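One structure is given here, and the rest of the page talks about it.
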Amino acid sequence: MTYPEISGAMADEKVKEIDAKGVDAVVSCDISCLMQLEGRLKATRSAVKSLHVAQLLAEQDPES
Amino acid sequence: MSSIHNVRSRHFKQDIRSAIADVELRGALARAQEQVNSKRSKAVDAIAGDWESMREKARSIKAWTLEHLDEQLELFESNATRNGIKVHWAKDPDSACSLVKDICSQADARSVIKSKSMVTEEIGLNAVLEASGMEVVESDLGEWIVQIAGETPSHIVAPAIHRSRKSVHALFEKTLQRSIPDDAESMTMVAREVLRKAFLRADVGITGVNYLIAETGSFLVLENEGNQRLTTSLPRVHIAIAGLEKVLPRLADLDLFLRMIGRSGTGQVVTTYQNLFSGPKQDPAEDGPEEMHMVLVDNGRSEMLASERRRQTLQCIRCGACLNICPVYRQIGGHAYGSVYPGPIGSIFTPPVAGLHQASQLPYASSLCGACRDVCPVKIDIPAVLLDLREEIAGDDAQKRDAETDLKVRRETPAFRHWARAMHSPTRYRIAGFFMRCAAGIASRTTVLDRFIPPLAAWRSERSVPRPEGDTFRNRWKARGRQAR
Numbered sequence: 639m640t641y642p643e644i645s646g647a648m649a650d651e652k653v654k655e656i657d658a659k660g661v662d663a664v665v666s667c668d669i670s671c672l673m674q675l676e677g678r679l680k681a682t683r684s685a686v687k688s689l690h691v692a693q694l695l696a697e698q699d700p701e702s
Numbered sequence: 004m005s006s007i008h009n010v011r012s013r014h015f016k017q018d019i020r021s022a023i024a025d026v027e028l029r030g031a032l033a034r035a036q037e038q039v040n041s042k043r044s045k046a047v048d049a050i051a052g053d054w055e056s057m058r059e060k061a062r063s064i065k066a067w068t069l070e071h072l073d074e075q076l077e078l079f080e081s082n083a084t085r086n087g088i089k090v091h092w093a094k095d096p097d098s099a100c101s102l103v104k105d106i107c108s109q110a111d112a113r114s115v116i117k118s119k120s121m122v123t124e125e126i127g128l129n130a131v132l133e134a135s136g137m138e139v140v141e142s143d144l145g146e147w148i149v150q151i152a153g154e155t156p157s158h159i160v161a162p163a164i165h166r167s168r169k170s171v172h173a174l175f176e177k178t179l180q181r182s183i184p185d186d187a188e189s190m191t192m193v194a195r196e197v198l199r200k201a202f203l204r205a206d207v208g209i210t211g212v213n214y215l216i217a218e219t220g221s222f223l224v225l226e227n228e229g230n231q232r233l234t235t236s237l238p239r240v241h242i243a244i245a246g247l248e249k250v251l252p253r254l255a256d257l258d259l260f261l262r263m264i265g266r267s268g269t270g271q272v273v274t275t276y277q278n279l280f281s282g283p284k285q286d287p288a289e290d291g292p293e294e295m296h297m298v299l300v301d302n303g304r305s306e307m308l309a310s311e312r313r314r315q316t317l318q319c320i321r322c323g324a325c326l327n328i329c330p331v332y333r334q335i336g337g338h339a340y341g342s343v344y345p346g347p348i349g350s351i352f353t354p355p356v357a358g359l360h361q362a363s364q365l366p367y368a369s370s371l372c373g374a375c376r377d378v379c380p381v382k383i384d385i386p387a388v389l390l391d392l393r394e395e396i397a398g399d400d401a402q403k404r405d406a407e408t409d410l411k412v413r414r415e416t417p418a419f420r421h422w423a424r425a426m427h428s429p430t431r432y433r434i435a436g437f438f439m440r441c442a443a444g445i446a447s448r449t450t451v452l453d454r455f456i457p458p459l460a461a462w463r464s465e466r467s468v469p470r471p472e473g474d475t476f477r478n479r480w481k482a483r484g485r486q487a488r
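Here the protein sequences line up with chains E and H, keeping their order.
Each step along the first sequence adds one to the number in our numbering, with nothing skipped, and position 43 is 681.
Each step along the second sequence adds one to the number in our numbering, with nothing skipped, and position 248 is 251.
So, in structure tokens, the structure goes:
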């Protein structure tokens, strides 16, 4: 957050690559990376979902 | 910027903005990074032997040498002196520059030729020599481009990486006042023609140093263009300048370091030329300089050596791999850092040398992703040193930061103090979690909170606030435990 221009430019490049890969979701274990990517994905109206690794595991968990 | 002590960190935010707005620059940087990184990976993968154990060995040789730096430097001095090299010691940029200036004056030098050297940028040598009436010509192609453009290097290995062929072509035509074909070969031939004349009229040749060898009193300088061989063989006097940390104990250590530095820096198996110097010519009939000088520059290095956590910064062999892998460097390029040494290594080397208050913004110019640490051939833990610097900058002494960093620190410190308290007790963590969920619930629906919390607005400009849904992780985990029983 000290230099939002830099982190924004980094995220834009990442989002472009994520979009080009044709994936359903981007998964991370770092919540702040994830929130930033989610914001950028939403801003570009991408269909790619962003998931925390715990969410992904919970979806697969037969007991929950 | 005349030396490392003139950091332009006051303009850091503006410089970042203009760099990021420069689409051409960012495109060129991304392409350059990808090209050199893929070459590097191939060269590293193809090596006979295990890269990771080579890194560990290189790290341990450098770390051992730093622990014995006084002895190793004295050993170098006595062996070099025996070889006929005059060894000089310089505490700071001023004394280093006047030492070099005096050697040049005693040699009645009117013209000086240089091969690529970052330490001469660090001490601001060119300006000092020019002010006393000498002509100074950079002979490395990238350095020459930067010199005639009136710029500074934007990369420690590839000084003109920020420039396209097209812009260099325009620069050449403007500087030389003639029409030149715009292909790389023709342009290089023109540069060679100009530089050959400069080599022939030079009285003194100045080089940097890659490795000082203590056991033999000799030193190694690497290059790709052959310009350094001319710099050190045509003029009457050769002056080499090195930071104190450049010493290696044994000649045999070069075996390892030569295999690593080319691969790490440019993806070359080995650099085109490896020039080992062991003294001036002994016989007037021989080729080579009559005098050979070595100027050893401290400039804050011994203070860095005294700090156990920052000492590893001095392991650096200036390969530039950390710049090539860095996602921040990729977006802003070298000039935006406002420091002689840009990129990750620059952000840990510059602040202690130039003074924390002058460069307090640099340690924050990193996402701490750790790519630099993973690629470093001598295993410098750059993120750890960045954090150590941040700790001192954000500490009680406001003299250690500039006004902008001070504002940031004063805003963030209370928040981090609460955060630390919450993370220290499970009860407080639960209570804090409850309030955070409420706040996130509100903030994800409306922007009403932004008006009361300005940082939230700034934060939101780049991110999306998640809406808490369903039960908490803790409750679900607990329920799951009950089910399992």
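A virtual CB, placed ideally from N, CA and C, is assigned to each residue, including glycine.
Here the structure is a predicted model, which is why all the values come from computation and not from measurement.
Residue i versus chain E: which residues are under 8 Å apart at the beta carbon?
i, result
"Lys411/H", "Thr640"
Spatial neighbours of residue i within its chain, please: CB distance less than 7 Å, with the 5 preceding and 5 following residues excluded, ordered by chain position.
i, result
"Arg431/H", "Arg424, Ala425"
"Gly2/H", "Absent from the structure is residue 2/H, since the part of chain H shown begins at 4 and ends at 488."
"Ile669/E", "His690"
"Val665/E", "Leu689, Val691, Leu694"
"Ala83/H", "Val90, Gly220, Met297"
"Ser5/H", "Gly127, Ala130"
Identify the contact partners of residue i in chain H, using a Cβ-Cβ distance below 9 Å as the criterion.
i, result
"Glu697/E", "Neighbours of Glu697/E on chain H: none; closest Cβ ~12 Å, over 9 Å."
Give the DSSP bridge partners of residue i, in chain order.
i, result
"Ser688/E", "Val664/E"
"Val115/H", "Val139/H, Val207/H"
"Leu215/H", "Phe222/H, Val250/H"
"Tyr276/H", "Glu226/H"
"Leu459/H", "Per DSSP, none; premise fails for Leu459/H."
"Leu299/H", "Trp92/H, Ala245/H"
"Glu294/H", "Val240/H"
List, in order along the chain, the chain E residues whose C-beta lies closer than 9 Å to that of residue i?
i, result
"Ala368/H", "Thr640, Tyr641, Ile644"
"Phe419/H", "The contacting residues do not exist; Phe419/H stays about 13 Å from chain E at best."
"Ile351/H", "Near Ile351/H there are no residues of chain E at all, since even the closest Cβ is about 17 Å away, more than 9 Å."
For residue i, which of the options has the nearest alpha-carbon?
i, options, result
"Lys94/H", "Glu306/H, Gln36/H, Gly473/H", "Glu306/H"
"Asn40/H", "Lys200/H, Gly270/H, Thr416/H, Asn302/H", "Gly270/H"
"Asn9/H", "Val356/H, Asn227/H, Arg440/H, Phe419/H", "Val356/H"
"Lys65/H", "Ala309/H, Gly282/H, Tyr214/H, Ala288/H", "Tyr214/H"
"Leu76/H", "Arg253/H, Arg393/H, Val273/H", "Arg253/H"
"Arg199/H", "Ala112/H, Glu395/H, Phe438/H, Ile116/H", "Ile116/H"
"Pro292/H", "Asn478/H, Val240/H, Ala134/H, Val250/H", "Val240/H"
"Ile396/H", "Gly268/H, Ile351/H, Val103/H, Leu144/H", "Ile351/H"
"Leu516/H", "Val193/H, Ile159/H, Val160/H", "Because chain H is modelled from 4 through 488, residue 516/H falls outside the range shown and cannot be assessed."
"Gly52/H", "Arg43/H, Asp206/H, Met263/H", "Met263/H"
"Ser224/H", "Val388/H, Asn327/H, Phe260/H, Ser56/H", "The displayed chain sequence assigns Val, not Ser, to residue 224/H. When only C-alpha atoms are compared, the closest one is Phe260/H."
"Gly208/H", "Val272/H, Pro162/H, Glu294/H, Gly145/H", "Glu294/H"
"Arg232/H", "Glu248/H, Asp256/H, Val171/H, Phe202/H", "Phe202/H"
"Gln109/H", "Lys16/H, Ile216/H, Met137/H", "Met137/H"
"Gly246/H", "Thr234/H, Gly211/H, Lys45/H, Ser464/H", "Gly211/H"
"Glu248/H", "Ala46/H, Ala482/H, Asn302/H, Gln180/H", "Asn302/H"
"Pro366/H", "Gly346/H, Ala243/H, Ile434/H", "Gly346/H"
For residue i, which residues of its own chain have a beta-carbon under 6 Å away from its beta-carbon, when the five flanking residues on both sides are left out?
i, result
"Cys100/H", "Ile126, Leu128, Val131"
"Ser342/H", "Val10, Gly349, Thr353"
"Ser1/H", "With chain H represented from 4 up to 488, any question about residue 1/H goes unanswered, as that position is not in the structure."
"Ser645/E", "none"
"Ala35/H", "Ile164"
"Leu237/H", "Phe202"
I'd like the list of long-range same chain contacts for residue i, defined as Cβ closer than 8 Å, with 5 residues on each side in sequence excluded.
i, result
"Leu28/H", "Ala22, His165, Gly336"
"Asp206/H", "Cys107, Ala110, Asp111, Ala112, Arg113, Ser114, Val115, Pro238, Arg239, Val240"
"Glu415/H", "Ala397"
Could you tell me which chain E residues have their CB closer than 7 Å to the CB of residue i, listed as they occur along the chain?
i, result
"Ser464/H", "Pro642"
"Ser467/H", "Met673, Glu676, Gly677, Lys680"
Name the chain H residues that come within less than 8 Å of residue i, Cβ to Cβ?
i, result
"Ala692/E", "Phe476"
I want to verify the contact list: residues of chain H whose CB lies under 7 Å from the CB of residue i, in sequence order.
i, result
"Ala647/E", "Ile23, Gln334"
Exercise for review: Scan the region 9-33 of chain H for residues whose Cβ lies nearer than 7 Å to a Cβ of chain E and list them as they occur along the chain.
Suggested key: Ile19, Arg20, Ile23
Review point. For the region 652-680 of chain E, which residues have a CB atom closer than 7 Å to at least one CB atom of chain H, in sequence order?
Key: Those would be Met673, Gln674, Glu676, Gly677, Lys680, in chain order.
Review point. Of the residues that make up the region 327-338 of chain H, which ones have a beta carbon closer than 9 Å to any beta carbon in chain E?
Key: Pro330, Val331, Arg333, Gln334, Ile335
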